[in-house]
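In what follows, a structure is listed as structure tokens, so that the remarks can point back to it.
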Amino acid sequence: MATDKKNGRRAVVVSGVRTPFVKSFTDFTKLDTIALGVAAVTGLLKKSGLRHSDIEAMIWGGVILPTTSPNLAREIALDVRLDPSCEGFTVTRACASGLQAVTAAVSAIERGDNDVIIAGGSDSTSNASITLPSKVVHAIAPLALGGKASAADYLGVLSQLMPISEILPRQPKIAERSTGEVMGESAERMAKRNEISRQAQDEFAVRSHHRAAAAIAAGRFDDEIVPVQTPSGKWVHADGLVRADTSVERLAKLRPVFAKDGTLTAGNSSALTDGAAAVLLMSEEKAKSLGLKPLATISSWSYVGVDPADQLLMGPALAIPKALDRAGLKLADVDLVDMHEAFAAQVLSVLKMMASTPFARARLGRDTAVGEIDPAKLNVHGGSLALGHPFGATGARMVTTMANELARTGKRSAVLGLCAAGGLGAAAVLEAVS
Amino acid sequence: MSDFLLELSKNPRARALVGALGLPIPLPQPLKRERGPWAARPLADARIGIGAAAGAELVPALAEALTAAGADAFIQLPDSLAAAFRAPGETFGRPARKLESLGEGTKLNALVFDASGVRDVKGLRAVYEFFQPLVSKLARSSRVVVLGRVPEGTDAEAVAAQAALDGFVRSVAKEIGRLGATANLVIVARGAERRLGPVVRFVLSTRSAFVSGQPITVTARAKAIDEPALVRPLEKKIALVTGAARGIGEATARALALEGAHVVCLDRPADDGPTSQLARAIGGTALSVDMGDDDAAAKISAALKPLGGIDVIVNNAGITRDKTLSRMKPDQWDSVLGINLAAVIHTTAALEPLLRDNGRVVCLSSIAGLAGNVGQAAYAASKAGIVGFVRATAERLADRGITANAIAPGFIETRMTAAIPIAIREAGRRLSALGQGGLPEDVAQAIVFLSSPGAQGITGRTLRVCGGAFIGA
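Here's what the structure looks like:
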């Protein structure tokens, strides 16, 4: 268990917000990850009614970090004009960065380091820098950073830059550095090995969209989403990727994108998205003293590593049972399950593993399977397939939505699960505050 | 010394030309080898066809080992045996498929047949029925493994049926050698079933590329090791390799270090340079001793005592002084027997107090020792002596979990074999199922395997690494 509780201190989630999530290269193209973070944090402060000086620290998660200013937490705090004494650091744990920021904040609060922390995450694929190949940098750097350059030096550089094809910037693919495999290809292999059909994947994706659409229509997200004004003056109020009118027939028309005879399509894979989410965490006493009602506690979490060359995205199948153990709960006891939907095939594979007794015996050292999850309690308001997946924001979005769900419905517990690039898995258990 | 035909064979245009013109040039198949430390799933994505005869007893152990190693199993088994694949399939995300579902043109990377239940000539028919239609589906550098039981007892037909598997496998090895493929027989003694996994993993992987036509016996004689490590198996172990300056010794020292061992590299003072360089490169220690000295064993023991104990002894240092017997001088006889056999016996004895439980003794023999050779009466005597030495040593140390085995290399491309006259060298290369010489790393990998905890079932044996050489048995 990662917390070191001093004097029985408990951290509580007091509030959470997110920006709308939109497809990359659409409405938020001119807002970089820091700007999106600023929008979320500003909205969170307004909603919670706290003063700028109340925020002691910020912990932020992100995957695509600007090379010259990677400490997003600090940059956002400065842009929002929080008190300069509000310190900050930034974490990167691929798609689980947002959750990592939240659990790091819980650790700090329960250790007594801080009383009030804003933790969240953001990513803007639209503003990812395209890197020049190392060959170019090494050839040009001495010229650019050294002293006076002669004509001979310039000619020397040109000769190093041949052939031209090697120096053109390359489009970054979401590929594992250690295996060179594109993430979608890894998911495709998992679909084959775990025997997840195209039909099952499309049905799952449709359910995600319909549930998200229902939530939007019912105003369920109104409390959580802060509208964002883009530099052109346009206001964005709603998530841009949700398709209320999608259907299995519609998705069946899409072509496989990662393998010729594959089952993964753009419809059952999460899309590149821009967005941010922020969560307000405090010690329980501080919340009480400020007259703020806590939404939930983070009772436990678990981070695991699996072999990226084997089943890259199976992490949650190991992390979820570990987090449940640490919270003293069984899967059957939990009221809500929220899984990050990187790919429908990935979620369905993980569900299969958790329902398998041989898997539990060999990989978890227990006699019985972790359990089967009732579809009615899984991703009740849709997930990343419908809402989109701004890498660093997703974990914080899930904490926000589930904490709010526990508070609204009076349910007792929720477990979150996320897979992440690099062969990582993350899980956390949220419980209502009595 | 490079093998011209093998180099030619690696060139696709040359291969095409030879094939088109129908030239009678035996182009050997380049062997698929993996470099680097042992992988967690050495059989990843390999398509393995699996069958069994009635009464088969080893399928569950096979299912567990193959699936954990990453293999895609294509099974031709009755439902009662096929069930053994269900749990490992779910655990590792590799459900077994039916062999008949394999596509028409798809090749198999291995064929494994459990013949442990064969007790009569009629039972042998199942072996023919499984392999006959499938041998043509084998891919290049593929593997054939037959599992059997120790042929002993008073039921003559049962013993004969099990013994028959040996001849079958040796012949198949010779037939598929042109594909760069190997065939081996793994004989599992009663009570040793749990020790089968790591052996099958090794034999089916690319690490056994030059082992073919061999029987490998697995017994429960040595004290058991629970859950032997299959990745970085020699972590925290100390190994001694004699003759480490070059060739097989150097390849072995490097391979042991890759698996986590701290290697003491030993060679003559004259070879101090290469030995020290090697030790530095692999994070080991160099030791300069001439194995021909009378006090060599005492010197080595004194040098290793401060380490507190050692886990693996590889007796690799050896010399040749080839001369036909009538021309052989006394000092030639003495130096060959002295270094190749006496020094091995004395060094191992001197180090025995330092050897930890579950330790390993691996000695280098040679197919010359098994088959004899013109001009090598002394060499062959010394190498045959090694075979007996490991048999006795294994028996004596089995209760401490220490295994002792010998490796008998066939034709391996080293400085030693480069010095052989060309006609004899060519004969050495070609007269084997794989039609080419092996590499020092092939022998090194076999030594690493025998040194690993997973080889606890193999002791007192001599494993040929000869590419299915025609001479000897």
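Protein chains in written order, with the numbering used here: chain G, 1 to 434; chain B, 1001 to 1473. All residues carry an ideal CB built from backbone N, CA and C; glycine is no exception.
- What Gln311 (chain G) touches in chain B, judged by beta-carbon distance under 7 angstroms, is Gly1093, going in chain order.
- Judged by DSSP in its simplified three-state form, Pro1215 (chain B) adopts strand.
- At least 7 angstroms separates the beta-carbon of Gly267 (chain G) from that of Leu280 (chain G).
- Apart from the 5 residues on each side of it in sequence, Glu284 (chain G) sits with its Cβ closer than 6 angstroms to the Cβ of Arg10 and Val12 in its chain, given in chain order.
- Using a 10 angstroms sphere on the CB of Pro1198 (chain B), the tally of other CB atoms reaches 16 or more, which defines it as buried.
- The Cβ neighbour count for Asp1226 (chain B), taken over all protein chains shown within 10 Å, is under 16; the residue is labelled exposed.
- With contacts defined by Cβ atoms closer than 7 angstroms, Gly1457 (chain B) and Arg1149 (chain B) do not form a contacting pair.
- For Ala1073 (chain B), the closest Cβ of chain G is not nearer than 7 angstroms.
- Using a CB distance cut-off of 7 angstroms, Glu1090 (chain B) counts as an interface residue toward chain G.
- Taking a cut-off of 8 angstroms on C-beta distances, the segment 1040-1052 of chain B touches the segment 1066-1073 of chain B, as three or more cross pairs fall below it.
- Rounded to whole angstroms, the separation of the alpha carbons of Ala1343 (chain B) and Gly1388 (chain B) is 15 angstroms.
- What Ser197 (chain G) touches in chain B, judged by beta-carbon distance under 9 angstroms, is nothing: the nearest beta carbon there is about 14 angstroms away.
- Neighbourhood of Ser356 (chain G) in chain B, by CB distance below 9 angstroms: Ala1087, Glu1090 and Thr1091, in chain order.
- In this structure, the alpha-carbon of Val1263 (chain B) lies about 19 angstroms from that of Ala1455 (chain B).
- Beta-bridge annotation (DSSP): Asp123 (chain G) is paired with G:Gly275.
- Listed along the chain, the chain B residues whose CB falls inside 7 angstroms of the CB of Ala362 (chain G) are Thr1091.
- Straight through space, the alpha carbons of Ala1040 (chain B) and Ala287 (chain G) are spaced by roughly 49 angstroms.
- Of the candidates B:Gly1103, B:Leu1124, B:Leu1005 and B:Arg1321, B:Leu1124 places its Cα closest to the Cα of Ala1052 (chain B).
- When rounded, the separation of the alpha-carbon atoms in Ala396 (chain G) and Val350 (chain G) is 21 angstroms.
- Around the CB of Gly328 (chain G), fewer than 16 other CB atoms lie within 10 Å, so the residue is classed as exposed.
- Residues of the segment 180-214 of chain G with a Cβ closer than 8 angstroms to any Cβ of chain B, in chain order: Met190, Arg193, Asn194 and Glu195.
- If you draw a straight line from the Cα of Gly1401 (chain B) to the Cα of Ile1422 (chain B), it is about 44 angstroms long.
- Contact annotation for Arg1041 (chain B) against chain G: Asp310 [CB-CB distance below 7 angstroms, chain order].
- By a beta-carbon distance limit of 8 angstroms, Ala393 (chain G) contacts Ala277 (chain G). Their separation comes to about 4 angstroms.
- Taking 7 angstroms as the Cβ-Cβ cut-off, the segment 5-23 of chain G has no residue approaching chain B.
- When Cβ-Cβ separations below 7 angstroms define contact, Phe359 (chain G) makes contact with chain B.
- His138 (chain G) sits exposed, since fewer than 16 C-beta atoms from the chains shown fall within 10 Å of its C-beta.
- Contact between Ser1301 (chain B) and Val1188 (chain B) is absent: CB atoms are separated by about 37 angstroms, not below the 8 angstroms threshold.
- By the C-beta criterion, the segment 1009-1016 of chain B is judged not to be in contact with the segment 349-367 of chain G, since fewer than 3 inter-stretch pairs fall below 8 angstroms.
- Residues of chain B whose Cβ lies closer than 8 angstroms to the Cβ of Asp83 (chain G) do not exist; the shortest such Cβ separation is about 50 angstroms.
- DSSP places Trp60 (chain G) within a strand segment (E or B) once states are collapsed to three.
- Burial is judged here by how many other beta carbons sit within 10 angstroms of a residue's own beta carbon; Thr297 (chain G) has at least 16 and is buried.
- Ranked by Cα distance from Phe1210 (chain B), the options B:Asp1079, B:Gln1436 and B:Val1289 are led by B:Gln1436.
- Taking C-beta atoms under 8 angstroms as the contact rule, Thr1067 (chain B) and Pro1088 (chain B) qualify, at a distance of about 4 angstroms.
- Out of B:Ala1381, B:Leu1058, B:Gly1103 and B:Ala1297, the CA that lies nearest to the CA of Leu1351 (chain B) is found in B:Ala1297.
- Exclusion of the five residues before and after Pro1060 (chain B) leaves Ala1084 as the residues of its chain whose Cβ lies within less than 7 angstroms of its Cβ.
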